[in-house]
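Each number in my numbering comes from the position in the sequence shown (counting from 1) with 31 added on. Glycine residues also receive a C-beta, built at the ideal position from the N, C-alpha and C atoms. Inspection log for the structure reproduced underneath, given as structure tokens.
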Amino acid sequence: MSLSLIPQRLYERYDDITPALLHEYGVTLLLSDLDFTLAPTKVRRPDDRLRAWIANLHAHGITFMIVSNNRSGQRVREFCADLGVPYQGHANKPSRRGIRAAMERAHASPEQTAMLGDKLLTDVLAANRAGVLSLMVEPCGGAVTPWQKVLHALQEPFKALCRCRNSEN
Ligand SMILES: [Mg+2]
């Protein structure tokens with residue numbers, strides 16, 4: 032189990048992650064955080080860009096599931112129903128529990144799984160602890176509140192280490 036806060040790969044936004052890239056890593060199950068990874072929290076419904084990205088993943092045989100810490104079940108439930116994807120709620124990331132439950136539901140091993148998110152202390156840490164590929168994106172809509180700006184700044188050194196490691200490969 033890795034307690035690393037360093038994501039394995041860093042991208043600008045979710046749709047930089049393509050089926051070809053996931054196939055390259057042997058990933059058949061993509062798990063994703065919702066808030067600020069796929070949409071800002073105030074956005075109630077998925078937009079066309081997100082729908083197209085999910086449709087393309089499905090068309091290439093990638094199973095997609097949302098793993099969220101969001102406690103307001105209704106929004107996640109409605110968002111995912113609208114998107115036509117399953118979700119694992121109350122994941123308690125950085126606990127591995129939500130990721131493990133999602134892998135079990137999809138019959139996927141850690142080697143076949145990636146977890147996408149915007150936060151190191153929840154999404155990336157949970158992914159690294161669970162032994163799945165950790166993918167990070169910049170927060171959707173940017174850092175807006177003072178707390179988000181602080182968090183953004185605190186995450187930067189770990190993101191820099193990720194960029195550094197990947198430039199060496
Ligand atoms: Mg998030």
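At least one heavy atom of ligand 1 lies less than 6 angstroms from the C-beta of Thr68.
For Arg40, the enclosing beta strand (DSSP E) begins and ends at 40–42. As DSSP reads the structure, Ala145 sits in a beta bridge with Leu61, Leu164.
DSSP places Met96 in the uninterrupted beta strand (DSSP E) bounded by 94–98. For Gly129, the enclosing alpha helix (DSSP H) covers residues 128–137. In this structure, Val98 sits away from Leu156, with a CB-CB distance that is not shorter than 7 angstroms. For Lys180, the Cβ stays outside the 6 angstroms cut-off from all heavy atoms of ligand 1. By the CB criterion at 7 angstroms, Pro71 and Gly172 fall inside the cutoff. Ranking Leu34, Leu41, Met32 by CA distance to the CA of Glu187 puts Leu41 first.
Val155: not part of any alpha helix (DSSP H); DSSP gives it neither H nor E.
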